[in-house]
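Numbering (the working numbering), first residue to last: 217 to 759.
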Amino acid sequence: MGLRRLLVICWIICHYRLDTLIPAEKLPLRARLLLRLGPWRLFPRRHFSRGERLRCALENLGPIFIKFGQILSTRRDLLADDISDELAKLQDQVPPFCSKLAVTTIETALGKSIDELFAAFDTQALASASIAQVHTATLHSNIDVVVKVVRPGIERTISADVRLLQTLAGLVERHIPDGRRLRPVEVVEDYRHTIFDELDLKREGANTSQLRRNFKDSEILYVPEVYWDYTRRNVLVMERIHGIPVTDVATLREQGTDMKKLAERGVEIFFTQVFRDSFFHADMHPGNIFIAHNRPSSPQYIAIDCAIIGSLSDFDQYYLARNLLAIFQRNYREVAELHVECGWVPPETRIHEFEAAIRSVSEPIFEKPLSEISFGQLLVYLFQTARRFDMEVQPSLVLLQKTLLNIEGLGRQLYPQLDLWSTAMPFLERWVRDRYSPQSMLKRVSHRLPGWLEQLPNLPETLLERGTPSRHNMQNENSHYKGELDALIRQQAARARNQRIAIIAAISAALLADPGIREGLRHLPDSSIVLFGIALYFFIRSR
């Protein structure tokens, strides 16, 4: 199946003469010869524009490639306008499938006829995308809704594409010098989970409901309501929204929308989702975003299609925030140290060399006005530089990186003077300050204390188990290398334990420095404080 799919891809590339989109004059001699002697030269040139040919090729290649085109469509700073305009059609103008098939799918999933389910149902699709299409309808309670239906048979096509990507990723990891560092197999595996999750509309409904709760009564973002009685794995019914497409800049300007505030609120929404909630909409291309009518001075976003949602661990949140702040402040030393500290580059990396490399990449960019700096371009340069230091791709951050590129591209389309840096930096500074304030630390400690106390009786046995090596492993290890490895492990463990003790001591000092906390501790029984101290001691020792 993989070979067959690869042949289909090659045929489509040749059929639409995508080779003509490659600037041959910028290629090495061998690549130019290959380009001129390839099989595509046997196919006639299509009479479509280059943007149309690229769009049609991606449509024929299927949902994974369509999504790639959706991402590209937001990067007008990287593509010509004629190509971006055509790729923008992939956001909600993919050719729909048969309406009778859509009706049959809905009736089968919900177990009733269309007339029993809805007072009115429009068989003509309102919008159509790579995975599903949407029809408008009215419930018998006179509520206007949209009905989303998954394309029949789409799972089979996606499975074939994912298997091909897995094969290619394996080849890249084994045979390309940078393959292991880029971790393509893990990236494809993460994407496989993401794309198959998108086929489950019940999951999308749950994501939508959670995002709606996170921004309940918000002035900057509205999320429509899901009607669960009409929702199944391949059918989703939700509130119909009425708004202005975010790409319709002319209409937004006509109603007097504050475009600067609109762009800045988009950045605020993104960072709020990432750092406050750790639950962010990871498919924020323009086809999924609308602007509320009649709110020109206080524009409000409307988000739909929450199929792809990203989240970060506390660890990733913390290090990401500090890295971004350090980059914004041009503190390259801290960027280098953070990359080593969080394990994104090997521990033996020479900090001063890594710092110098980051500085050489960043300084020429920062010489421009902040409003002209592309964060996406900076990321590309940093990734190129990281090859020297064996920096690995972090799969957990891939969705975040893609979403940030979407947000930046959209923000600059709305307001070209958008200063992403000065908009984001105060938010990040406030988040770090609030998250590690004494009140916030005490709240998290109080939340976890019952769990620590529950585990306290089992800690001695756990420590003994961790400290007992496997006899089988001991016998099979080379004694020379094992001795070095054990010494290194002990050294790293001691260093990590000392760091944790220092951190906890600093937190404790900060907590006790707060007058309100000191007053609260006076009212606690002595036994509670003693138990907490014992739990904290064993927790540090057990890590």
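For every residue, glycine included, the Cβ atom is placed at its ideal position computed from N, Cα and C.
Starting from residue i, follow its DSSP beta bridges and name the residues at the other end.
i	result
R448	V451
Y534	None; Y534 has no bridge partner.
I280	BP columns for I280 are empty, so no partner.
K432	None, per the DSSP bridge assignment.
K316	None; K316 has no bridge partner.
What whole-angstrom Cβ distance do residue i and residue j have, given they're in contact under 8 Å?
i	j	result
M454	Y631	Contact flag wrong, Cβ pair sits at about 30 Å.
V490	L326	Not really, about 36 Å apart at Cβ, beyond 8 Å.
V551	I574	5 Å
D338	H351	6 Å
I280	V310	About 13 Å separates the two Cβ atoms, so there is no contact after all.
P502	L634	Their Cβ separation, rounded to whole angstroms, is 15 Å, which puts P502 and L634 out of contact at 8 Å.
S157	R546	The first residue shown for the chain is 217 and the last is 759, placing residue 157 beyond what the model contains.
L644	L528	That belief does not hold up - the Cβ atoms of L644 and L528 are roughly 14 Å apart, past 8 Å.
Can you tell me which of the three DSSP states residue i falls into?
i	result
A552	helix
A498	coil
A348	strand
L437	strand
I359	coil
Q382	helix
T339	coil
T354	strand
F544	helix
P654	helix
F506	strand
M690	Residue confidence for M690 is low, a pLDDT of 46 falling below 50, so the modelled location carries little weight; the figure read from the coordinates is stated next. Three-state DSSP puts M690 in a helix.
A519	strand
G526	strand
G369	coil
P580	helix
I460	strand
K305	helix
V401	helix
V442	strand
K364	strand
W637	helix
C230	helix
G327	coil
I225	helix
P311	coil
D474	coil
T236	helix
R511	coil
T410	helix
L491	Residue identity check: residue 491 is Phe in the sequence provided, not Leu. If DSSP states are grouped into helix, strand and coil, F491 belongs with the helices.
F264	coil
D606	coil
Return the chain-ordered list of same chain residues with a C-beta closer than 8 Å to the C-beta of residue i, the five sequence neighbours on each side being excluded.
i	result
V401	Q382, A385, G386, E389
N510	Q471
A542	Y548, E550, V551, L554
R538	E550, L554, V648
I374	G278, P279, I280, I411, F412, L415
C272	Y232, F264
Less than 8 Å between the C-beta atoms of residue i and residue j, yes or no?
i	j	result
A508	I520	no
S344	D298	no
A572	G526	no
F544	W637	yes
V366	A348	yes
F486	F496	yes
L274	L306	yes
L303	I225	no
V362	I322	no
E480	T639	yes
I411	V451	no
P512	T488	no
V465	I623	no
P562	D530	no
L437	Q516	yes
Return the chain-ordered list of same chain residues with a C-beta closer than 7 Å to the C-beta of residue i, the five sequence neighbours on each side being excluded.
i	result
T447	L417, K418, G421, V453
Y535	L554, C558
F506	I457, G459, I460, P461, V462, I518
A725	Residue placement at A725 cannot be trusted, given a pLDDT of 49 that sits under 50; what the coordinates show is reported in the next sentence. Closer than 7 Å at Cβ, skipping near neighbours: no residue.
Sorted by chain position, which residues of the same chain lie with C-beta nearer than 6 Å to residue i's C-beta, five sequence neighbours on each side aside?
i	result
R221	A376, L380
A335	T354, H356
L427	V439, C522
R423	Strictly speaking, residue 423 in this sequence is Asn, with Arg absent from that position. Contacts found: C522, I525.
V319	I330
S315	T339
Y443	V453
S653	none
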